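Report on the structure given below.
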Amino acid sequence: MKLLIIEDSSPLRRSLVVGFNNLGFTTDEASNGTDGLSLALNNPYDIIILDLMLPGIDGMEILKQLRQSALQTRVIILSANSQHQDRINGLLQGADDYLTKPFSFDELHARVVAVSRRGIINNFTNTITINDFVLDSNTMNLRYEAIDIDLTPNEFKIIEYLFNHPNQVMSTAMISDNIANNFDYISKNTIEAHISTIRKKIKSHPITATFPLKNKRGFGYYIEN
Numbered sequence: 001m002k003l004l005i006i007e008d009s010s011p012l013r014r015s016l017v018v019g020f021n022n023l024g025f026t027t028d029e030a031s032n033g034t035d036g037l038s039l040a041l042n043n044p045y046d047i048i049i050l051d052l053m054l055p056g057i058d059g060m061e062i063l064k065q066l067r068q069s070a071l072q073t074r075v076i077i078l079s080a081n082s083q084h085q086d087r088i089n090g091l092l093q094g095a096d097d098y099l100t101k102p103f104s105f106d107e108l109h110a111r112v113v114a115v116s117r118r119g120i121i122n123n124f125t126n127t128i129t130i131n132d133f134v135l136d137s138n139t140m141n142l143r144y145e146a147i148d149i150d151l152t153p154n155e156f157k158i159i160e161y162l163f164n165h166p167n168q169v170m171s172t173a174m175i176s177d178n179i180a181n182n183f184d185y186i187s188k189n190t191i192e193a194h195i196s197t198i199r200k201k202i203k204s205h206p207i208t209a210t211f212p213l214k215n216k217r218g219f220g221y222y223i224e225n
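According to the UniProt record's numbering, the sequence shown holds residues 1 to 225 in order.
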């Protein structure tokens with residue numbers, strides 16, 4: 001797993017780099033917001049560890065520009081500010097987690113592991129991997145190891161929407177709103193039929209892993225991760 005650590009405190013940054021390298025992670029580092037943003041926009045990372053108080057460009061602006069650029073790389077914010085509203089603002093801007101200073105390395109490592117379980121997004125290949133199933137937005141299909149699972153456009157849109165929101169239950173109405181064209185409506189029965197077909201397609205292949213698509217009766221569907 002490759003991390004980008006953007007932190008202006010040299011002692012803290014170096015301790016994080018050494019700690020994660022010792023655990024087998026690959027790391028890049030930046031001591032200011034300008035360099036950090038450039039690295040984030042031009043290189044594939046699994047997770048970015050982002051300090052908010054940075055010289056050059058502050059962390060919140062970096063996060064804003066990443067999301068405006070459609071990069072969905074997981075981001076964990078580090079901040080000395082523990083105000084409740086600051087946490088809310090960071091999460092609403094698109095952060096995946098928010099950790100206040102001081103913190104233990106073990107806790108940060110645990111949060112990195114937890115965030116990675118939500119699925120690794122590769123913005124440069126347009127893929128999302130969950131439970132060894134790879135959703136590829138370039139080829140519009142689902143893949144497990146060497147097995148390609150061909151999906152229709154609507155089947156792909158359903159799985160893509162759920163993969164982008166792991167562990168979040170989505171009602172059929174929410175799914176319809178997010179995959180239909182502006183003037184179209186996809187009924188509950190149609191969505192359920194699509195999901196049933198997706199499951200049958202997966203079962204038709206010699207796949208040993210369990211596809212993480214789950215149903216919460218009466219509420220909707222979600223990808224368990």
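We treat Cβ as the ideally placed atom computed from N, Cα and C, and that holds for glycine. Nothing here was measured: the structure is a model prediction, and the numbers come from that model.
Simplified DSSP assignment, three categories, for residue i
{"i": "Asn-141", "result": "strand"}
{"i": "Lys-216", "result": "strand"}
{"i": "Tyr-45", "result": "coil"}
{"i": "Arg-14", "result": "helix"}
{"i": "Asp-35", "result": "helix"}
{"i": "Lys-101", "result": "coil"}
{"i": "Phe-163", "result": "helix"}
{"i": "Asp-51", "result": "strand"}
{"i": "Val-75", "result": "strand"}
{"i": "Met-174", "result": "helix"}
Cβ-Cβ distance between residue i and residue j below 7 Å
{"i": "Ala-209", "j": "Asp-96", "result": "no"}
{"i": "Ile-48", "j": "Val-75", "result": "yes"}
{"i": "Ile-88", "j": "Leu-50", "result": "no"}
{"i": "Ile-223", "j": "Leu-162", "result": "yes"}
{"i": "Met-170", "j": "Gly-94", "result": "no"}
{"i": "Leu-37", "j": "Asp-28", "result": "no"}
C-alpha gap between residue i and residue j, whole angstroms
{"i": "Lys-2", "j": "Val-17", "result": "11 Å"}
{"i": "Asn-32", "j": "Lys-188", "result": "49 Å"}
{"i": "Gln-168", "j": "Asn-225", "result": "10 Å"}
{"i": "Asn-182", "j": "Ile-175", "result": "Bear in mind that a pLDDT of 46 at Asn-182, under 50, signals an unreliable position, so the number given afterwards is only what the model happens to contain. Their backbone Cα atoms lie some 13 Å apart in a straight line."}
{"i": "Met-53", "j": "Pro-44", "result": "23 Å"}
{"i": "Gly-90", "j": "Leu-63", "result": "8 Å"}
{"i": "Gln-85", "j": "Thr-100", "result": "13 Å"}
{"i": "Asn-126", "j": "Lys-157", "result": "14 Å"}
{"i": "Ser-116", "j": "Thr-190", "result": "32 Å"}
{"i": "His-194", "j": "Ala-146", "result": "23 Å"}
{"i": "Tyr-98", "j": "Val-113", "result": "14 Å"}
{"i": "Ser-204", "j": "Val-134", "result": "17 Å"}
{"i": "Thr-73", "j": "Ile-186", "result": "30 Å"}
{"i": "Glu-61", "j": "Asn-22", "result": "31 Å"}
{"i": "Ala-180", "j": "Asp-136", "result": "20 Å"}
{"i": "Asn-164", "j": "Asp-177", "result": "15 Å"}
{"i": "Ile-202", "j": "Pro-153", "result": "16 Å"}
Of the listed residues the options, nearest to residue i (C-alpha basis)
{"i": "Leu-41", "options": "Ala-193, Ile-191, Gln-68 and Ser-82", "result": "Gln-68"}
{"i": "Ile-6", "options": "Gly-24, Leu-23, Pro-55 and Phe-25", "result": "Pro-55"}
{"i": "Asp-148", "options": "Lys-157, Val-115, Phe-163 and Ile-207", "result": "Ile-207"}
{"i": "Arg-111", "options": "Leu-151, Phe-20, Ala-173 and Gly-220", "result": "Phe-20"}
{"i": "Ser-79", "options": "Ala-114, Thr-127 and Asp-8", "result": "Asp-8"}
{"i": "Pro-102", "options": "Gln-93, Arg-117 and Asn-81", "result": "Asn-81"}
{"i": "Glu-192", "options": "Arg-217, Asp-150 and Asn-138", "result": "Arg-217"}
{"i": "Tyr-144", "options": "Ile-158, Ile-128, Pro-153 and Thr-152", "result": "Ile-128"}
{"i": "Glu-160", "options": "Phe-25, Leu-213 and Leu-12", "result": "Leu-213"}
{"i": "Leu-108", "options": "Ser-10, Asn-215 and Ser-15", "result": "Ser-15"}
{"i": "Arg-199", "options": "Ile-179, Asp-177 and Leu-151", "result": "Leu-151"}
{"i": "Thr-26", "options": "Pro-11, Ser-137 and Asp-46", "result": "Asp-46"}
{"i": "Thr-34", "options": "Pro-11, Leu-66 and Gly-24", "result": "Leu-66"}
{"i": "Leu-4", "options": "Ala-30, Met-140, Pro-11 and Ser-196", "result": "Ala-30"}
{"i": "Ile-130", "options": "Gln-83, Gly-24, Pro-166 and Thr-197", "result": "Pro-166"}
Environment of residue i [buried if 16+ CB atoms lie within 10 Å]
{"i": "Glu-155", "result": "buried"}
{"i": "Phe-211", "result": "buried"}
{"i": "Arg-13", "result": "buried"}
{"i": "Thr-172", "result": "buried"}
{"i": "Gly-59", "result": "buried"}
{"i": "Ile-70", "result": "Strictly speaking, residue 70 in this sequence is Ala, with Ile absent from that position. Per the 10 Å Cβ criterion, exposed."}
{"i": "Leu-92", "result": "exposed"}
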